[in-house]
Amino acid sequence: MKPLLIGIAGGSASGKTTIAQCLKEEFEQTRSVVIIREDDYYKDQSEKTMAERVKTNYDHPFAFDHALMIEQIDALLAGQAIEKPVYDFVQHTRSTLTEVVEPCDVVVLEGLFVLEEPELRKRLNIKVYVDTDADIRFIRRLMRDVEERGRTLQSVVNQYTETVRVMHEQFIEPSKRYADVIIPEGGSNVVAIDLLKTKISSIISPNML
Ligand SMILES: Nc1ncnc2c1ncn2[C@@H]1O[C@H](COP(=O)(O)OP(=O)(O)O)[C@@H](O)[C@H]1O
Ligand SMILES: O=c1ccn([C@@H]2O[C@H](COP(=O)(O)O)[C@@H](O)[C@H]2O)c(=O)[nH]1
89 MKPLLIGIAG GSASGKTTIA QCLKEEFEQT RSVVIIREDD YYKDQSEKTM AERVKTNYDH
149 PFAFDHALMI EQIDALLAGQ AIEKPVYDFV QHTRSTLTEV VEPCDVVVLE GLFVLEEPEL
209 RKRLNIKVYV DTDADIRFIR RLMRDVEERG RTLQSVVNQY TETVRVMHEQ FIEPSKRYAD
269 VIIPEGGSNV VAIDLLKTKI SSIISPNML
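Per my numbering, residue 89 is the first one in the sequence shown, and the count goes up by one each step.
Structure below.
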């Protein structure tokens, strides 16, 4: 049977990763769910200096290698393992590491553009948009980027006002209209996450429902 492909889009720090991780953990024992993060397909910038990397607009679709991402998703859908890139947010470029991902019953794609990019969207069986207010997203991003991604408060504020906010309004928010399911507030929405878990259960063990 072809794997079920679930896409989770939404703004930066809306809770996409948190929800995807919740789904994966629920089915950990059966190893039925694998997560593919669009972030891992940011283009390699190892040829650029750090000063040049900082200037990149990471919230525009051009920042991603979507062709490679689509090629690897198609391989997973065809039952083949992939060796995917791993992104290093601190260095703003691809890590030298790669990760082998085995095919699974359910593939969760999470990222800014998974509903916006037509070639990704048309492959999705279930389209989810995580709808979290901008002020909450900004606060979460500030805390996460300072704690985990090596940023300063000032750099987070500058990036948010110069690119993140405007690209969100241009590309991400409009992609909500393609969603089958809209989840307000992200990871704290237990009811919505339970509905997704039930759907996944019906795919991997249809006789249990
Ligand atoms: N419901 C929530 N309440 C509080 N913090 C949250 C919640 N959901 C996510 N976070 C935190 O916000 C940050 C961004 O969440 P994440 O799931 O990584 O968002 P995204 O993948 O959309 O960028 C993380 O540090 C995460 O732990
Ligand atoms: O080198 C980079 C690459 C990306 N970003 C920012 O990350 C977010 C996307 O990640 P989320 O987990 O969805 O928040 C995006 O808004 C980019 O601005 C970066 O700062 N540096």
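Glycine is no exception: its CB is placed at the ideal position from the N, C-alpha and C atoms.
Between the CA atoms of residue j and residue i - distance to the nearest angstrom
| i | j | result |
| --- | --- | --- |
| R182 | Y146 | 13 Å |
| H148 | F259 | 8 Å |
| R225 | A151 | 21 Å |
| L111 | I288 | 9 Å |
| G275 | A101 | 11 Å |
| V254 | S293 | 43 Å |
| V269 | V245 | 31 Å |
| S290 | I158 | 26 Å |
| H256 | Q109 | 23 Å |
| T251 | D193 | 37 Å |
| R237 | I124 | 19 Å |
| L212 | D282 | 20 Å |
| M89 | P191 | 11 Å |
| I107 | S243 | 27 Å |
Buried/exposed call for residue i, threshold 16 Cβ in 10 Å
| i | result |
| --- | --- |
| P173 | buried |
| S57 | For the chain, the structure presents residues 89 to 297; residue 57 sits outside this window and is missing. |
| M231 | exposed |
| I227 | exposed |
| M296 | Unreliable positioning characterises M296 in this predicted model, as indicated by a pLDDT of 49, which lies under 50. A coordinate reading is not provided. |
| V121 | buried |
| K104 | buried |
| K143 | exposed |
| A280 | buried |
| D221 | exposed |
| Q160 | buried |
| P206 | exposed |
Helix, strand or coil at residue i [DSSP, three-state]
| i | result |
| --- | --- |
| V178 | coil |
| A267 | coil |
| P262 | helix |
| G99 | coil |
| E187 | strand |
3-residue-minimum beta strand (DSSP E) runs that sit fully inside the region 194-249, ordered along the chain
With a minimum length of 3 residues, the continuous beta strand (DSSP E) runs that stay inside the region 194-249 are 194-198, 214-219.
At 3 residues or longer, what runs of the beta strand (DSSP E) sit wholly inside the region 102-184?
Counting whole runs of 3 or more residues, the region 102-184 contains the beta strand (DSSP E) stretches 121-125, 170-176.
Pairing CB atoms from the region 90-100 with CB atoms from the region 193-209, are three or more of them under 8 Å?
Touching, per the Cβ criterion.
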